[in-house]
Every structure is written in C-alpha cells, then in structure tokens.
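Presented below is the structure to which this report refers.
Numbering (the numbering used here), first residue to last: 812 to 1236.
Okay, structure coming up:
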C-alpha cells in the first residue's frame, strides 16, 4: 500500500512542471540533474562531439592551408629571386674601377670579360660559373650543418657516427655531378636566354626516365614517353623563337654579313643546347644517385644536403685554386659592392630554397611540390621577359603552352595512377 502511494506521488510529480525547475526533486526522481535518461543525455552530448570534430577538421584545414601558402610563397620568392639574380650576374654588366685593373693586371679571362672601357671605369661581365657554385655551396652547407647540430644537440656523436652511414666516396659521385650540373646551368646563360634555360628543364623528365631505366631498371608506360616527346617538341618550338632572338643579337654586334649572322646565331644556339643537355644529364644522375642513398641508408634530406655540399666546397675550391682564380674572385667581389650583394643574395636564395624544397616534399608530397615548381617556371619566364626585354614570337608562345600542358598532363597521370592504387583493397 505504501509503495503504491509512493508510485502515485512520483507519477504526479513527473506530470508537473515542478520537476523541470527543482534540481533536488529531479535527483530524487531520476537520479540525474537534467531529468533525462542516459539515451537522452547521449543525444544531448552527441551534437557537441560532432561540433568539436567539425571544429578540429576546420582547424586542421586552416593550418594545412596556411602551411601550403607558406611553402608556395617561400618557394616562389626564393627561386624567382634566385633566377633573376642568376641571369643578372651572368649576362649584365658590372662597373669596375680602373685602379682595380691596374693593381690586378694578371686577372684571368675565366673570371671576367671586358665589355667596354672608359676613362675612370670599365664595364665587365662576370664569367666564372664555378665560383658562383662555390659561394652557393658554402652557405648551403653552413645552414645544413647548423640544422643538424641543433636537431641532434643531445646525441651529436651518436648521430654522426651511426651504423647506417653511406661510405664517403659515394657522396663524391653525386657531389661531382651536382657541381657539373650547376656549372652547366650558369654556363648556358652565356649562349642562350634564361627563358630557354628554364623551359629546357621540362626535358629533365626525359633524362630522368632514361637514367632510371639505366641505373635502376625502372619501366615507364607508353603514355609517359609520349608526354616526354611532347615536352621536347614544345622546347624545339621555343628554340625557333630563340634562334630569331640570336640573329637580332648578332646584328647588334656589327656583324654585317648575313651568312656570318646565321653562323654566329647557330653556333651560339648549338653550344647552349649542348651545355643544357649536359646539365640535364648530370642533374638526372644526381637525383637518381641520391634516391639510391636515401633508400639504402635512410638518411635525412638535411644530412644529404650537408654532406654533398661539403664535398662540393672541397672540389670547387681545389679547382679554383688550381686555376689561380680563388683569391682574385674574392678581391673582385670586395671591389664591386653590387656584384658582392648579388652573389650573397643568390647564395641565400639558393640555400633557403633548398630548405623549402625539403619541407614542402615532406609535408605535402612530390606532386604538390612539382605543381608549385612548374608554376614557378612559368613566372620565371614571364619575369625574365619583362625585366630583361626578351622578344617572344608566336612559336615561342605555342612552345611554352605545349611544354607546360604536357608537364601538367604527366602530373595528372601519375596522381590518378597513385590514387587508383591506394583505392585497391
């Protein structure tokens, strides 16, 4: 009887609004402050959980977007500035005082070429590509070693003397090929324009494919070879434009004979193409050899950067000393503030650019990195045309379109193939 009375009282309380306002009565009747069952309570919390997950996703997307913008801007600024300075140092005139020539009469022709003499100053062109490679490697090596020391400051000796370490001579191979590829890159600007040099890098895909087949036994699909041929065709179209510019340049050098103009422009173009072909060969060997070391010894990108640049400093300094250009090159830099600033800024951009390369690949992968760098090549060509007044014909425009369309087509093919493989169970 008493139990029935209590049940009736509770039933009445449930039907009144008093329960919704008095927390102690709710605790007595339901055992929870909100007067709701466990399932209702879960339904109340679920939207909060979903909201937190959504906010986390939005936060992650925002961070990734900011990181991508950071990488994009960093790569564009460092490498576009590097390209502009590269063309300026190798193609534009610098003013040197007459006093410098009087005190350095034995200065090598490998270092400079005299373009125009004046009463108090002389206009020269800097010619020593090897010295630029040396300066770039010094700064890049210093930055890489500093990063390694900072990252492994607690167990420095253990890191540098770890068991998984490539033999020193194996770094020499890619160091030498890296020096030669950089040297060819600078030397090519003596014979062809910067847009041709940039666009020819699209042909790197062919050199990489051939090297991969030769060194690693890798196989490629027929469509990939077709894209490579299309890129070569686009570069060939742009070279038609380059030959026209070479002829115009030859006319400004007081070469009056038409056959002489044709011969001079053709010889320059052929020399430039051969040097660019060597650049692509050495650069492709470097990337393939480094990939082999990465796979076999599991070393970091910064470790590779430090080791290769150390050997590059050693090799380039020995060569410069042997040619008697080491000390005169530094004296020339200190005599001309503009050349000094350009060389230092070139080295800074090169070193920072390498760090952005490693960071972008490790964060977003090679596809995003290739996309950013391809856009950089487009911007570099446009900037060079605008700043240094290169002429471009309809052949050149069509060649640029063919090259970059083929590059993006090849990238899309690789991305689609990789996505399809990941979807397979």
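Even glycine gets a Cβ: it sits at the ideal position worked out from N, Cα and C.
Do you know whose CA, among the options, lies nearest residue i's CA?
i: residue 1224; options: 1173, 1032, 1175, 1004; result: 1032
i: residue 1199; options: 991, 940, 1006; result: 1006
i: residue 1108; options: 981, 1209, 1197; result: 981
i: residue 1115; options: 929, 922, 1165, 1186; result: 1165
i: residue 1124; options: 1054, 993, 903, 879; result: 993
i: residue 1196; options: 1056, 1025, 908; result: 1056
i: residue 1085; options: 1051, 1037, 998, 1159; result: 998
i: residue 1096; options: 1127, 1025, 1128, 1110; result: 1025
i: residue 1019; options: 1092, 1209, 885; result: 1092
i: residue 887; options: 931, 1103, 1168; result: 1168
i: residue 1215; options: 1131, 1145, 1042; result: 1042
i: residue 884; options: 964, 1187, 1037; result: 1187
i: residue 1094; options: 897, 987, 1221, 1106; result: 987
i: residue 1110; options: 1014, 1077, 976; result: 976
i: residue 1211; options: 1227, 1193, 1226, 1222; result: 1193
i: residue 1139; options: 1017, 919, 1015; result: 919
i: residue 901; options: 964, 1000, 1170; result: 1000
i: residue 878; options: 1083, 1209, 1170, 991; result: 1170
i: residue 1039; options: 1029, 1015, 1030; result: 1015
Let me know the secondary structure DSSP gives residue i once reduced to three states.
i: residue 1003; result: coil
i: residue 1170; result: helix
i: residue 1084; result: helix
i: residue 1202; result: coil
i: residue 934; result: strand
i: residue 1029; result: coil
i: residue 927; result: strand
i: residue 1106; result: helix
i: residue 1228; result: helix
i: residue 1218; result: helix
i: residue 992; result: helix
i: residue 846; result: Note that residue 846 scores a pLDDT of 44, beneath 50, so its modelled location is shaky; the value from the coordinates is reported in the next line. If DSSP states are grouped into helix, strand and coil, residue 846 belongs with coil.
i: residue 908; result: strand
i: residue 1010; result: helix
i: residue 954; result: helix
i: residue 887; result: helix
i: residue 1223; result: helix
i: residue 964; result: coil
i: residue 903; result: coil
i: residue 920; result: coil
i: residue 947; result: helix
i: residue 915; result: coil
Hey, would you say residue i sits closer than 8 Å to residue j, going by beta carbons?
i: residue 1154; j: residue 1090; result: no
i: residue 1173; j: residue 1099; result: no
i: residue 939; j: residue 921; result: yes
i: residue 1050; j: residue 1080; result: yes
i: residue 882; j: residue 1218; result: no
i: residue 905; j: residue 1161; result: no
i: residue 933; j: residue 907; result: yes
i: residue 1191; j: residue 959; result: no
i: residue 1133; j: residue 985; result: no
i: residue 950; j: residue 1159; result: yes
i: residue 1137; j: residue 1145; result: no
i: residue 1220; j: residue 1052; result: no
i: residue 945; j: residue 1131; result: yes
i: residue 1213; j: residue 1048; result: yes
i: residue 1083; j: residue 961; result: no
Let's test the definition: count the other Cβ atoms within 10 Å of the Cβ of residue i and tell me whether it reaches 16, buried, or not, exposed.
i: residue 890; result: buried
i: residue 913; result: exposed
i: residue 924; result: exposed
i: residue 1012; result: buried
i: residue 899; result: buried
i: residue 876; result: exposed
i: residue 989; result: buried
i: residue 979; result: exposed
i: residue 910; result: exposed
i: residue 1157; result: buried
i: residue 935; result: buried
i: residue 837; result: Legend: pLDDT at residue 837 = 49, less than 50; position of this residue unreliable, value from coordinates given subsequently. By the neighbour-count rule (16 or more Cβ atoms within 10 Å), residue 837 is buried.
i: residue 1127; result: buried
i: residue 893; result: buried
i: residue 1004; result: buried
i: residue 1176; result: exposed
i: residue 1008; result: buried
i: residue 1120; result: buried
i: residue 1034; result: exposed
i: residue 1143; result: buried
i: residue 1045; result: buried
i: residue 1037; result: exposed
i: residue 1180; result: buried
i: residue 930; result: exposed
i: residue 941; result: buried
For a minimum of 4 consecutive residues, which ranges assigned as the alpha helix (DSSP H) are wholly contained in the region 1127–1167? 1137–1146
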